[in-house]
Amino acid sequence: MAKNAKANSTKKVAVIGLGRFGAALALELIEVGKEVLGIDTADAVVQQYAPLLTLVVKADTTNRDVLDELAIADFDRVVVAIGGDIESSILTASLLIEIGVKEVWAKATSDAHGRILRQLGVHHVVFPEKDMGKRIAHQVAGDQLDYVEIDGTFVMAKTEAAADFEGKTLTELGIRAKYGVVVVATSHGDDTYEPANPDTRI
């Protein structure tokens, strides 16, 4: 176990599984000022992240007694980031729901895995590889500069304006009426953005 002086946050998050996804998530949470308990079963991983997270422990989270000892129910959010062992992922998520953790997030590695997690009552099921694959595909295809799917029917995209849009206002273009697209901000390519309004000129 190791502690880091990052205890000034009102939100506590536990991340179970410190593989690539779990570790990146945990480190980013630290960056934004959260208290993070990292949990993994590998000694080398625990030693690697001990100096970087609030607290890191080696533990088997498929054991209810272990979760009780860690006072996991006291955490605001718990993320099950176990990817390589689906059985451990499912058992851990099931125990967290049973314990009554307020908000459980879990990584799914397949549609079937995700379906089971949802059936267990996991509040948020995420597909990191699938979501990133979609995002990168739109960039590789050249359709968008960036693309983030919010849910099945809503996405946010960053794109270049069509040449025939230039010099016209959003009202003149009628983008929302014609395409069902809402322009929320514009930029002149200098990494600064201004909120869009009907008089915004492209």
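Numbered by numbering that gives the first Met the number 0, the letters in the sequence shown go through residues 0 to 201 in order. Even glycine gets a Cβ: it sits at the ideal position worked out from N, Cα and C.
Item, Value
"For residue 184: DSSP bridge partner residues", "194"
"Pairwise C-alpha distance: residue 73 and residue 9", "Bear in mind that a pLDDT of 49 at residue 9, under 50, signals an unreliable position, so the number given afterwards is only what the model happens to contain. Roughly 12 Å between the two C-alpha positions."
"Every unbroken beta strand (DSSP E) within the stretch 20-68, with a cutoff of 3 residues, ordered by chain", "34-39, 54-57"
"Residue 34 versus 26, 84, 41, residue with shortest Cα-Cα distance", "26"
"Any 3 or more C-beta pairs closer than 8 Å across the stretch 43-54 and the stretch 96-113", "no"
"Residue 175: first and last residue of the uninterrupted alpha helix (DSSP H) it sits in", "174-178"
"Classification of residue 11 by the beta-carbon crowding that lies within 10 angstroms, buried from 16 upward", "buried"
"From 198, 184, 199, residue whose alpha carbon lies closest to that of residue 192", "184"
"Secondary structure, beta strand (DSSP E): runs of 3+ residues fully inside the stretch 95-130", "103-106, 123-125"
"Beta-bridge partners of residue 145, as assigned by DSSP", "157"
"Collapsed DSSP secondary structure at residue 70 in the structure displayed", "coil"
"Opposing strand residues paired with residue 13 [DSSP bridges]", "36, 77"
"8 Å contact criterion, which residue 152 and residue 199 should meet: CB distance rounded", "No, residue 152 and residue 199 are not in contact; Cβ-Cβ is about 25 Å, not under 8 Å."
"CA-to-CA distance, residue 68 to residue 178, given in whole angstroms", "54 Å"
"Assigned secondary structure, residue 236 (DSSP; H/G/I helix, E/B strand, else coil)", "The chain is shown only over 0 to 201; residue 236 falls outside these bounds and no answer can be derived."
"From 30, 52, 171, residue whose alpha carbon lies closest to that of residue 15", "52"
"Pick from 81, 95, 121 that is closest to residue 18, judged by C-alpha positions", "81"
"Cβ-Cβ distance between residue 104 and residue 78 below 8 Å", "yes"
"Cβ-based neighbour list, residue 126, same chain, cut-off 6 Å, excluding 5 preceding and 5 following", "107"
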